[in-house]
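The listed protein sequences correspond, in order, to chains A and B.
Residue numbers are given in this note's numbering: position 109 of the first sequence equals residue 109, and the series is strictly consecutive.
Quick note, this note's numbering runs 164 ahead of the 1-based positions in the second sequence.
Quick reminder that beta carbons are idealized off the backbone N, C-alpha and C, glycines included.
What follows is a short report on a single structure.
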Amino acid sequence: MNKLNFLVLFLPFIFTFFYSLTFLILQQISDKKYLSKLIYSFLFLLLLKIILIIKFYNFFNIQEIFYILFAFTCNCFIFMNLIQVPISSLQVKLLRMVSKNKGIKEKKINSLYDSNRIFEERLKTFVNNGTVKKKNSLIKLNSKKILIFYVFFKFVKALHNVRL
Amino acid sequence: MEQIINLIIYCFIYIFIHLGLYRLLNINVNKIFTVIFIFLISLFLGIKTSSNEIVLNLINFNLFVICFYILMPGIINNGPALLIIDILMKENKKSTKEKIKHLFKIKTTSTVVKNRLKINIDRGLIFRKNSQLFLSKKGKIIINFFNIIIKIFKLKIYE
């Protein structure tokens, strides 16, 4: 393997590191919603990557270009999930609950964490990340980005015969 | 170009095997064991062939398998976030909080927490002792790991 091959091999991982760094810096300096920061920093780096590929087009073949873009997208997807899990995963929330209350009984968890609380928590998260807007008691879907995820999940759920 | 087509074919074969087994035999192959197994086979093939093109393809395929592994729990289990969005979509994107809450309660019943708790126990993250629940070592590692992520990235958790 020559130097260029090594560069191609590690380029998506280096860019993913820069992606996490960009997100980290944005989290420190901006109060905007984390979801927007995650998506926009990904788009920014993807664009940067495409510009670099166009500029050094002669050094890469089509397979290498495909590898760089595909691996970068997959890495970013993994990173996005890593950020999402502690915020929205119910499983992690339950782990945290057991960690805080050692020896808690299952019945107590069910009574503490009923559908009422789950709903309120989710709604709070949605309002805070700008997915929905709350005006008095009226709730309105605000983000168009979420509709892409919604349509995708509905389609894949239908493929798996899982009903919402 | 041939290698790109090969990768796309491998990904589709993986999806179809998963779909077929899941729908016909109710077997979920999307487990950590599968991810490790594919990684080991790829490692063996990568070392054996020592071809750049194959190595790049194998890395891509392994990343795809990991992404698929991450995606699947959200597909098989109905998360509360998706349920709220679904209710809102069916109500023409807006509704009153009380109505959404009422529909949400009908849909979730009490199985959501029970199911997640069962998954945590099955995976050895939580263990039962005299009908009390305790966090296992594995569970503590996961919680500490996510606490570090929360601190580094200054994430807000709404609890």
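- B:S295 has a beta carbon lying within less than 8 Å of a beta carbon in chain A.
- Within 7 Å of the CB of A:N58, no CB atom of chain B is found; the nearest one sits about 18 Å away.
- Beta-bridge pairing by DSSP links A:I104 to B:L297.
- About 5 Å separates the CB atoms of B:C231 and A:F77; that is less than 8 Å, so the two are in contact.
- Contact annotation: B:N216 and A:N5 have beta-carbon atoms nearer than 8 Å.
- Among the residues of chain B, those whose CB is under 7 Å from the CB of A:S88 are A245, following chain order.
- Against chain A, the beta carbon of B:G288 has no neighbour under 9 Å; the closest one sits roughly 12 Å away.
- Counting only residues of its own chain and dropping the five nearest sequence neighbours on each side, A:V92 has a CB closer than 8 Å to the CB of V85, P86.
- The distance from the Cβ of A:L45 to that of A:F18 is about 6 Å, consistent with a contact at the 8 Å cut-off.
- A buried status is given to A:R122, since no fewer than 16 other beta-carbon atoms sit within 10 Å of its beta-carbon.
- Its Cα nearest to that of B:F298, the residue B:L281 stands out among B:F309, B:I313, B:L281, B:I312.
- Its Cα nearest to that of A:K135, the residue B:S259 stands out among B:S259, B:F197, B:F268, B:K195.
- By the neighbour-count criterion, in which 16 or more other beta carbons inside 10 Å mark a residue as buried, A:T16 falls on the buried side.
- By the Cβ neighbour-count rule, A:Q63 is buried, with 16 or more other Cβ atoms within 10 Å of its own.
- B:V276 sits in a helix when the DSSP states are folded into three classes.
- Under the 8 Å Cβ criterion, the region 143-154 of chain A counts as touching the region 239-258 of chain B, having at least three qualifying pairs.
- At a cut-off of 8 Å between C-beta atoms, B:T198 does not count as an interface residue with respect to chain A.
- Within chain A, no residue has its beta carbon less than 9 Å from that of B:N194; the closest one is some 11 Å off.
- Between the C-alpha atoms of A:T131 and B:I314 there is a straight-line separation of about 21 Å.
- One thing to note: A:I139 has its Cβ within 8 Å of the Cβ of B:K261.
- Taking the C-beta atoms as reference points, A:V8 is found no nearer than 8 Å to A:Y57.
- Taking 8 Å as the cut-off between beta carbons, the residues of the region 69-97 of chain A near chain B are F70, A71, C74, N75, F77, I78, N81, L82, I83, V85, P86, I87, S88, L90, Q91, V92, K93, L94, L95, R96, in sequence order.
- Counting C-beta atoms within 10 angstroms of its own C-beta, A:T125 has 16 or more neighbours from the protein chains shown and is therefore classed as buried.
- Contact check between the region 107-121 of chain A and the region 299-312 of chain B: fewer than three CB pairs, one atom from each, fall below 8 Å, which does not count as touching.
- Residue contact with chain B for A:S36: absent (no Cβ-Cβ distance below 8 Å to any residue of chain B).
- For A:L147, the enclosing alpha helix (DSSP H) begins and ends at 145-159.
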